[in-house]
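Protein chains in written order, with our numbering: chain A, 1311 to 1505; chain B, 2 to 214. C-beta: ideal position from N, C-alpha, C; glycine also. Worksheet for the structure shown next.
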């Protein structure tokens, strides 16, 4: 139980995907202009990442390892993620119209969100022999929640910045990057939480 | 002649006008994550270039065979294949570098630069042009990431390619090689590069005006 707690605190705060591991930066810079869209993207990523952790665990454990095909991991995982994203989209479209409208446009973007592939690979390499099933899913979900936290907080900052009096040459990406840097300094403060 | 000129233009495009890092802002994850040391920057740049060149070439050769509807999964498979090749090659020949780049080598698969070039260039253009495009984009990425990692390594650890370059009295700014430094240095470099590119464009426009007059 305490190991799960460590994974959660580690994933959300200490090893935050965006702020200290640089995963999912494209989405982080791309959809952080409004808090609403940021929240939508964060929820979509959390959803996909939890399922992807589950599926890639089974693929790794019952397909790649028994067949000694571990070197095919990258190809297998990215295909699984692409298929998964597509099927989540189809299922949502059929079953939950409102959720689909909320998350729909973000779903295709998630295939190339490196945080999803990153967490799947990380699950197999984080500790000797890889995380077990529960640890994998918890790690994926916690990482995605950390991503959401960073994304929404950053979107809130950018909303404020847009109203403020930024020098013209700082507009756009350079200003956003420097803002992200300052936010990352804040996240560094969590690094003493676990050893 | 015009063919050569066109290839030259494609080449220039990737390095300057559409530089993937500074102008298009693509492939940010590896750029920020591994630019803490110059050798990692060069290694990552060249690995990405290898994948870009070959995936562009193969996708261009297959562009009339791949149906429009399944092009994205097809790109994924082609790109993932070359990433696996580069991953295994690096594990075999440069194990230390492969260790320090770690997770970010398999993550080349989801580098948006490669997808962007496959979708917007290789799928529509003949093989030779695609090959040149892949190469120039790769080199543009390598130059950018090397520049970023040079700044970060010199300021953050006082070394360049592992050799001491700053005087012994220099106290390295540790924050620069920590994650926040990555964001801030990249932001500042982007400001600088944008200013330079803008100045070049302005001069070109002024020159063109003069010629017309």
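Rounded Cβ spacing between residue i and residue j (contact assumed at less than 8 Å)
i: residue 57/B; j: residue 131/B; result: 4 Å
i: residue 1390/A; j: residue 1375/A; result: The Cβ separation is near 15 Å, so there is no contact.
i: residue 134/B; j: residue 42/B; result: No, residue 134/B and residue 42/B are not in contact; Cβ-Cβ is about 22 Å, not under 8 Å.
i: residue 181/B; j: residue 1491/A; result: 5 Å
i: residue 1447/A; j: residue 1394/A; result: In fact, because the Cβ distance is near 14 Å, the residues do not count as touching under 8 Å.
i: residue 1461/A; j: residue 1351/A; result: 6 Å
i: residue 32/B; j: residue 178/B; result: Their Cβ separation, rounded to whole angstroms, is 14 Å, which puts residue 32/B and residue 178/B out of contact at 8 Å.
i: residue 174/B; j: residue 23/B; result: Rounded, the Cβ-Cβ distance is 23 Å, inconsistent with contact.
i: residue 1363/A; j: residue 1429/A; result: 6 Å
9 Å Cβ cutoff, residue i in contact with chain B
i: residue 1445/A; result: no
i: residue 1535/A; result: Within the shown structure, residues of chain A are numbered from 1311 to 1505, placing residue 1535/A beyond reach of any answer.
i: residue 1394/A; result: no
i: residue 1359/A; result: no
i: residue 1329/A; result: yes
i: residue 1484/A; result: yes
i: residue 1497/A; result: yes
i: residue 1356/A; result: no
i: residue 1460/A; result: no
i: residue 1381/A; result: yes
i: residue 1467/A; result: no
i: residue 1332/A; result: yes
i: residue 1385/A; result: yes
i: residue 1503/A; result: no
i: residue 1472/A; result: no
Close beta carbons around residue i, own chain, < 8 Å, minus the five adjacent residues each side
i: residue 1489/A; result: 1464, 1467, 1468, 1471
i: residue 1336/A; result: 1422, 1423, 1424
i: residue 110/B; result: 77, 80, 81, 84
i: residue 1344/A; result: 1465, 1469
i: residue 7/B; result: 130
i: residue 166/B; result: 155, 159, 160
i: residue 25/B; result: 19, 114, 117
i: residue 1379/A; result: 1373, 1386
Beta carbon proximity, residue i to chain A, threshold 9 Å
i: residue 222/B; result: Coverage of chain B is limited to positions 2 through 214, which leaves residue 222/B absent and any answer about it impossible.
i: residue 74/B; result: yes
i: residue 20/B; result: no
i: residue 2/B; result: In this prediction, residue 2/B has a pLDDT of 47, which is less than 50 and means its spatial position is unreliable; nothing more can be read from the coordinates.
i: residue 81/B; result: yes
i: residue 85/B; result: yes
i: residue 57/B; result: no
i: residue 40/B; result: no
i: residue 46/B; result: no
i: residue 65/B; result: no
i: residue 188/B; result: yes
i: residue 14/B; result: no
i: residue 33/B; result: yes
i: residue 180/B; result: yes
i: residue 27/B; result: yes
i: residue 138/B; result: no
i: residue 176/B; result: yes
i: residue 152/B; result: no
i: residue 191/B; result: yes
i: residue 263/B; result: Outside the displayed range of chain B (2 to 214) lies residue 263/B, so it cannot be described from this structure.
i: residue 149/B; result: no
C-beta contact flag for residue i and residue j at 9 Å
i: residue 152/B; j: residue 186/B; result: yes
i: residue 1360/A; j: residue 1420/A; result: no
i: residue 139/B; j: residue 53/B; result: yes
i: residue 1366/A; j: residue 107/B; result: no
i: residue 1509/A; j: residue 1445/A; result: Chain A is shown from 1311 up to 1505; residue 1509/A falls before or after that span and cannot be answered.
i: residue 34/B; j: residue 163/B; result: no
i: residue 1427/A; j: residue 1413/A; result: no
i: residue 1327/A; j: residue 1320/A; result: no
i: residue 157/B; j: residue 98/B; result: no
i: residue 36/B; j: residue 127/B; result: no
i: residue 1501/A; j: residue 1330/A; result: yes
i: residue 1339/A; j: residue 1486/A; result: yes
i: residue 73/B; j: residue 1392/A; result: yes
i: residue 1503/A; j: residue 1323/A; result: yes
Closer than 8 Å: residue i CB and nearest the ligand SAM heavy atom
i: residue 1313/A; result: Summarising the ligand content, the structure contains no ligands, and the ligand SAM is consequently not present.
Proximal residues to residue i (C-beta, below 7 Å), its chain only, five neighbours per side dropped
i: residue 118/B; result: 53, 57, 134, 135, 138
i: residue 1356/A; result: 1451, 1454, 1455, 1458
i: residue 113/B; result: 27, 28
i: residue 188/B; result: none
i: residue 20/B; result: 141, 145
i: residue 184/B; result: 33
i: residue 124/B; result: 60, 64, 72
Same chain only: Cβ atoms within 6 Å of residue i, ignoring 5 sequence neighbours per side
i: residue 1349/A; result: 1462
i: residue 18/B; result: none
i: residue 2/B; result: Only weak support exists for where residue 2/B lies, its pLDDT of 47 falling under 50; the coordinates are left without a value.
i: residue 1494/A; result: 1329
Any chain E beta carbon closer than 9 Å to residue i
i: residue 90/B; result: Absence of chain E from the displayed structure is noted, the protein chains being A and B.
Three-pair Cβ contact test at 8 Å for the stretch 36-51 of chain B versus the stretch 91-103 of chain B: Contact between the stretch 36-51 of chain B and the stretch 91-103 of chain B is present: three or more C-beta pairs spanning the two stretches fall below 8 Å.
Contact between the stretch 1395-1412 of chain A and the stretch 1431-1442 of chain A (3+ Cβ pairs under 8 Å): Pairwise C-beta distances place the stretch 1395-1412 of chain A out of contact with the stretch 1431-1442 of chain A, as fewer than three of them are shorter than 8 Å.
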